[in-house]
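Numbering (the numbering used here), first residue to last: 1 to 78. Below: the structure, in structure tokens.
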Amino acid sequence: MTDTQDLGPLYEAEQAAELERADRDNPIPSGEPLCPVCGSKIARLVEAHQSPATASSPFRVRLVCTNEECRRWTVYSW
Numbered sequence: 001m002t003d004t005q006d007l008g009p010l011y012e013a014e015q016a017a018e019l020e021r022a023d024r025d026n027p028i029p030s031g032e033p034l035c036p037v038c039g040s041k042i043a044r045l046v047e048a049h050q051s052p053a054t055a056s057s058p059f060r061v062r063l064v065c066t067n068e069e070c071r072r073w074t075v076y077s078w
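Take a look at the structure:
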């Protein structure tokens, strides 16, 4: 899922930072954090960077709320 047209707004900076920390602390299947806005499950999607990566990894992680009414999201370099 790299098309952001189907997604809601981005998480606030503090929420995104906390989600990244929580996700890095438990990077296993079913270890995804819950949405800090609505409490729904978050989907973790690992993607290749679409442009030259700014980090040492060629991958990024997109975290997307699965609640159709929320659909907030963030992305970070793995």
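Think of the CB as a built atom: it goes at the ideal place given N, C-alpha and C, for glycine as much as any other residue.
Residue i versus residue j: straight-line alpha-carbon distance, rounded
{"i": "Glu-14", "j": "Tyr-76", "result": "13 Å"}
{"i": "Gly-39", "j": "Asn-26", "result": "17 Å"}
{"i": "Ala-48", "j": "Val-37", "result": "27 Å"}
{"i": "Ile-28", "j": "Ala-43", "result": "12 Å"}
{"i": "Arg-72", "j": "Arg-24", "result": "19 Å"}
Strand pairing of residue i, partner residues [DSSP]
{"i": "Trp-78", "result": "Partner(s): none; Trp-78 has no beta bridge."}
{"i": "Leu-45", "result": "Arg-62"}
{"i": "Leu-7", "result": "Note: Leu-7 sits in no beta bridge, so no partner."}
Where the alpha helix (DSSP H) containing residue i begins and where it ends
{"i": "Glu-20", "result": "13 to 25"}
Distance cut-off 7 Å: residue i Cβ against heavy atoms of the ligand GTP
{"i": "Pro-58", "result": "Questions concerning the ligand GTP fall outside what the structure shown contains, since it holds no ligand whatsoever."}
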